[in-house]
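From first to last, the protein sequence lines are chains A and B.
By this note's numbering, the letter at position 50 of the first sequence is numbered 85, and the numbering carries on one by one without gaps.
By this note's numbering, the letter at position 32 of the second sequence is numbered 67, and the numbering carries on one by one without gaps.
Just so you know, even glycine gets a beta-carbon here, dropped at the ideal spot from N, CA and C.
First up is the structure itself, then whatever we jot down about it.
2 protein chains.
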Amino acid sequence: MASAKKNLPESRRRRDPEATRAAILEAAEELFLTLGPADTPTSRIARRAGVTKSLIHHHFGSKDDLWNEVKQRHFGQYYEAQREILTSSRGSTDMLKDSLVGYFRFLQDNPHAVRYMSWRFIEEGEDHCKPEEDQLFELGAERIREAQDGGELRADIEPVTMIKAFLAMALHWFQSKPLMDQILGPEEDLDALEERYLEDAVKILLDGVRSRRATAD
Amino acid sequence: MASAKKNLPESRRRRDPEATRAAILEAAEELFLTLGPADTPTSRIARRAGVTKSLIHHHFGSKDDLWNEVKQRHFGQYYEAQREILTSSRGSTDMLKDSLVGYFRFLQDNPHAVRYMSWRFIEEGEDHCKPEEDQLFELGAERIREAQDGGELRADIEPVTMIKAFLAMALHWFQSKPLMDQILGPEEDLDALEERYLEDAVKILLDGVRSRRATAD
DNA sequence: TATCTTATTGACCGGCCGGCCAGTTAGCGT
DNA sequence: ACGCTAACTGGCCGGCCGGTCAATAAGATA
Numbered sequence: 036m037a038s039a040k041k042n043l044p045e046s047r048r049r050r051d052p053e054a055t056r057a058a059i060l061e062a063a064e065e066l067f068l069t070l071g072p073a074d075t076p077t078s079r080i081a082r083r084a085g086v087t088k089s090l091i092h093h094h095f096g097s098k099d100d101l102w103n104e105v106k107q108r109h110f111g112q113y114y115e116a117q118r119e120i121l122t123s124s125r126g127s128t129d130m131l132k133d134s135l136v137g138y139f140r141f142l143q144d145n146p147h148a149v150r151y152m153s154w155r156f157i158e159e160g161e162d163h164c165k166p167e168e169d170q171l172f173e174l175g176a177e178r179i180r181e182a183q184d185g186g187e188l189r190a191d192i193e194p195v196t197m198i199k200a201f202l203a204m205a206l207h208w209f210q211s212k213p214l215m216d217q218i219l220g221p222e223e224d225l226d227a228l229e230e231r232y233l234e235d236a237v238k239i240l241l242d243g244v245r246s247r248r249a250t251a252d
Numbered sequence: 036m037a038s039a040k041k042n043l044p045e046s047r048r049r050r051d052p053e054a055t056r057a058a059i060l061e062a063a064e065e066l067f068l069t070l071g072p073a074d075t076p077t078s079r080i081a082r083r084a085g086v087t088k089s090l091i092h093h094h095f096g097s098k099d100d101l102w103n104e105v106k107q108r109h110f111g112q113y114y115e116a117q118r119e120i121l122t123s124s125r126g127s128t129d130m131l132k133d134s135l136v137g138y139f140r141f142l143q144d145n146p147h148a149v150r151y152m153s154w155r156f157i158e159e160g161e162d163h164c165k166p167e168e169d170q171l172f173e174l175g176a177e178r179i180r181e182a183q184d185g186g187e188l189r190a191d192i193e194p195v196t197m198i199k200a201f202l203a204m205a206l207h208w209f210q211s212k213p214l215m216d217q218i219l220g221p222e223e224d225l226d227a228l229e230e231r232y233l234e235d236a237v238k239i240l241l242d243g244v245r246s247r248r249a250t251a252d
């Protein structure tokens, strides 16, 4: 009864449902996030994945289902990264700096995440990823409240606003980035500017959020 | 020879190209920005405008041309509002506060502008509106540099970063708003929260940007 | 080996969408 | 009054897209 299900991983299996699913997902993610869901024909996803269009329907049902799967999968990474940033960093205001830098690096390394966020903003349908994200928000707000009670962060500001400030500063850079290097010449020195921007953003936000009495290092 | 071109504005002209163009543009703007360009059939634009589909092609050429026209037109308003905010406000740091509040109010009153910005971020094609916007950026940066030289704003931060900080804080709220009231119940008290957010954002940004020596009012 | 499951295929359908075209009519100049 | 230009119409076409279905064969089970 004990099934020896995968007893031939050595030779290339001619049928490999999981690999097929993975290939479709990968192709779909790439295309959906660059062309947009509406402008991405399933046929093209299939071609890129080296599969027939019918297989997409076989494995995922409909195009919308596939899109939801991509979103949820992608949000997994995003969610993990965020959570680690929020929990790993040690106390007080350092956490905020680490969060901002960490989030910034994450977006830097995952351009898809930026486009994904943009699509979420634009689409109207329900968002399956929301509860997990809210939980994340709650986690961050809690840590901020602690710092407020400890006198490290100013208490006259809603924690949610602080979080949004950090998210906004990081995300906005990458959202507007394609608009910028479009006019800045091919790649003049946008990367150097990017580092400078991060440094400045840290300065602004930390000083704007720190308790008035605390004198910086 | 002096043409009396428009000598019958009183009785309803049965043919009125300009009015037709305007009707099409208005319908297109509404639909494009809510459904997205890809999900908006020209037939539906035509129906909404009370016109035949053919007329769209007659007046605008192609669907893409119409979309570009909408973008450019919409940017007009956006551009005007921004420019007025930047130039009208009197000296120093008050300008920044006024800019943020003004921009925030503008987005509040023009939900379309938010979606428009999001589409600009996502689309890849050239952006016809860019030069005017850059001019606006330059204007703002100049005023910030003056304040930096005058010792009112800290000088260790790139002016562009300051501008982006203000834009990001305002825009991000409205971008993420639909995601928020989706989980917050129908309309719990999102508007009250909105005002609170604006106040907090002003606090964070102004304190983060003000010169270290200047003691606030 | 015989059998059952299911991954995989290719052909096909109904529908919609963008664009075109031939024809009609309103307004404006002469 | 006449004719020209351009606004406007209805109808149609070619193409693509999402989805279905019957048929095939690979792999697991026994």
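For residue i, the nearest candidate out of the options (CA to CA)
i	options	result
residue 139 (chain B)	B:205, B:246, B:178 and B:213	B:205
residue 233 (chain B)	B:143, B:118 and B:245	B:143
residue 191 (chain B)	B:179, B:162 and B:131	B:179
residue 201 (chain B)	B:214, B:61 and B:117	B:117
residue 74 (chain B)	A:173, A:157 and A:164	A:157
residue 66 (chain A)	A:89, A:101 and A:54	A:101
residue 76 (chain A)	A:99, A:49, A:54 and A:55	A:99
residue 112 (chain A)	A:83, A:80 and A:149	A:149
residue 226 (chain B)	B:110, B:209 and B:167	B:209
residue 165 (chain A)	A:134, A:214 and A:114	A:114
residue 50 (chain A)	A:69, A:68 and A:85	A:85
residue 147 (chain A)	A:237, A:68 and A:59	A:68
residue 215 (chain A)	B:241, B:137, B:159 and B:97	B:159
residue 92 (chain A)	A:59, A:120, A:110 and A:119	A:59
residue 271 (chain B)	B:80, B:89, B:132 and B:90	Residue numbering for chain B in the displayed model covers 36 to 252; residue 271 (chain B) lies beyond these limits and cannot be assessed.
residue 110 (chain A)	A:169, A:182, A:80 and A:78	A:169
residue 155 (chain B)	A:120, A:199 and A:212	A:212
residue 173 (chain A)	A:151, A:184 and A:198	A:198
residue 194 (chain B)	A:228, A:119 and A:195	A:228
Neighbour-count burial assignment, residue i, 16 or more Cβ in a 10 Å radius
i	result
residue 108 (chain B)	exposed
residue 104 (chain B)	buried
residue 254 (chain B)	Because chain B spans 36 through 252 in this model, residue 254 (chain B) falls outside it and cannot be assessed.
residue 64 (chain B)	buried
residue 175 (chain B)	buried
residue 52 (chain B)	exposed
residue 71 (chain A)	buried
residue 224 (chain A)	exposed
residue 187 (chain A)	buried
residue 57 (chain A)	exposed
residue 153 (chain A)	buried
residue 243 (chain A)	buried
residue 122 (chain B)	exposed
residue 134 (chain B)	buried
residue 163 (chain A)	exposed
residue 96 (chain A)	exposed
residue 129 (chain A)	exposed
residue 81 (chain B)	buried
residue 54 (chain A)	exposed
residue 235 (chain A)	buried
residue 185 (chain B)	exposed
For residue i, three-class secondary structure by DSSP
i	result
residue 245 (chain B)	strand
residue 80 (chain A)	helix
residue 47 (chain A)	Its pLDDT being 42, under 50, residue 47 (chain A) is placed unreliably in this model, and the coordinates cannot settle the point.
residue 38 (chain B)	The predicted position of residue 38 (chain B) is uncertain, since its pLDDT is 40 and thus under 50; a value taken from the coordinates is nonetheless stated next. Three-state DSSP puts residue 38 (chain B) in coil, outside helix and strand.
residue 140 (chain A)	helix
Start and end residues, alpha helix (DSSP H) containing residue i
i	result
residue 61 (chain A)	52–70
residue 109 (chain B)	98–123
residue 173 (chain B)	165–184
residue 216 (chain B)	194–216
residue 90 (chain A)	88–95
residue 75 (chain B)	Per DSSP, residue 75 (chain B) belongs to no alpha helix (DSSP H) and is neither H nor E.
residue 148 (chain B)	146–157
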